[in-house]
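Chemist: Basically this note's numbering = 1-based index in the sequence shown + 15. Input: one structure, supplied below.
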Amino acid sequence: MRTLFAVVFLLLSLPLGSLAALYTVTKVDERLYAAIVDPDGPVASNAFIVVMPTSVLVAGAHFTPAASAEITRIIAGITPLPLRYVVLTHHHQGKGIAGFGFPPTVEIILSAESFAKIREEKQPLSNRLIAFEKVMTLSGGKQTILLMQMDQGHSRGNLAVYLPDQAVLFTSDLMFNDEAGSMTDGSPRGWVQDLLQLEKMVVTKVVPGRGNVTGSKGIRRFRLFLQDFFTEVLSHLERGESAAETVARFGLPPEKMPPHFFRVRQENIEWAWRELREQR
Ligand SMILES: [Zn+2]
């Protein structure tokens, strides 16, 4: 009996994502799940799943067809309710597909700025797009979902998703928790402003773009890292160093850097060097 109980307990405690290769699923709150990407895997960014009264909403970015298929399978393992909305938190122009692989019945909600980028790329779209400016509220049953367009931080038109009832925030790539991520498209100043704004919000849990679920402290930790990172790049710029010289001599100590930063080190430093030179 005790063995049977132990086996049942073990099965129940296995992460849903153990069946899947790209994401590990964590329950964030009742009806809320985070799909956390494997830091060594091919998918760039975490997704956030909200089981609403009659359908399911997924928020995230960098959806490849394989990632979309896996998200769809994960949802089927959580609930029989259909996936109805994908909130595309941002889109990096010219860097791959926007949100394909989801069935055409799924509607994609995005900021007007992301919509404009996708339109410009003339991507073939099989999903209906719903674009908005500034804030969009989805409300039904006991679930309110706020989609907030932030300053240009990680990318122009990037969104944060906030659930006031549970005080849960999904930052997408505006924040990486104790993990490195690509920083090649946004604005250093706007990014710090966004994080300061998100730090002021009442939150119990924060789902980041990469890394595990955290709280407000995780946002602050990432903002302090960004400020150190930009200050270091700026000091090289002020000495008149080129982007290549800055990459070669970049000297922030390893304990200040998130894990796996070496993978994105060169492109991130080059982006910060270009942006900070523009902003000076
Ligand atoms: Zn991104």
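Ideal Cβ placement from N, Cα and C applies to all residues, glycine included. Small disclaimer: the values here were computed from a predicted structure and weren't measured.
Put Leu29 into one of helix, strand or coil per three-state DSSP.
Modeler: Because the pLDDT of Leu29 is 44, which lies under 50, any placement of that residue in the model is unreliable, and the number read from its coordinates should be weighed accordingly. It is coil, neither helix nor strand.
Chemist: Which whole runs of the beta strand (DSSP E) in the segment 83-116 are 3 residues long or more, in chain order?
Modeler: If only complete runs of 3 or more residues are kept, the segment 83-116 shows the beta strand (DSSP E) at 98-103, in order along the chain.
Chemist: I'd like to check one pair, Ala195 with Pro273: are the Cβ atoms closer than 7 Å?
Modeler: yes
Chemist: Within a Cβ cutoff of 8 Å, which residues of the same chain sit near Leu291, ignoring the five residues on either side of it in sequence?
Modeler: Correct list, in chain order: Pro203, Phe245, Val248, Leu249, Leu252.
Chemist: Who are the Cβ neighbours of Arg289 in its own chain at under 8 Å, not counting the five residues just before and after it?
Modeler: Ala258
Chemist: Do Ser154 and Ala76 have their CB atoms nearer than 7 Å?
Modeler: no
Chemist: So, are the CB atoms of Gly226 and Phe276 less than 7 Å apart?
Modeler: no
Chemist: Quick check on Asp209: buried or exposed, where buried means 16 or more other Cβ atoms within 10 Å of its Cβ?
Modeler: buried
Chemist: Rounded to the nearest angstrom, what separates Val264 and Asn283 at their Cα positions?
Modeler: Checking the displayed sequence, the identity of residue 264 turns out to be Arg instead of Val. In a straight line, the C-alpha of Arg264 is about 14 Å away from that of Asn283.
Chemist: Count the other CB atoms, across all protein chains shown, that sit within 10 Å of the CB of Lys157; report buried if there are 16 or more and exposed otherwise.
Modeler: exposed
Chemist: What is the C-beta distance between Ile124 and Leu162, in whole angstroms, given that I count them as a contact (C-beta under 8 Å)?
Modeler: 7 Å
Chemist: If you run the structure through DSSP and keep just helix, strand and coil, what is Thr246?
Modeler: helix
Chemist: Would you mind giving the Cβ-Cβ distance between Ala62 and Ile86, rounded to the nearest angstrom? I have them listed as a contact below 8 Å.
Modeler: 6 Å
Chemist: What is the DSSP secondary structure of Met16, counted as helix, strand or coil?
Modeler: In this prediction, Met16 has a pLDDT of 47, which is less than 50 and means its spatial position is unreliable; what the coordinates show is noted afterwards. The answer is coil: DSSP assigns Met16 none of H, G, I, E or B.
Chemist: Taking the straight line between their C-alpha atoms, what separation do you get for Pro57 and Thr159?
Modeler: 32 Å
Chemist: Would you mind sorting Leu37 into buried or exposed? The rule is 16 or more other CB atoms within 10 Å of its CB.
Modeler: Residue environment: Leu37 is assigned as buried (16 or more neighbouring CB atoms within 10 Å of its CB, all protein chains considered).
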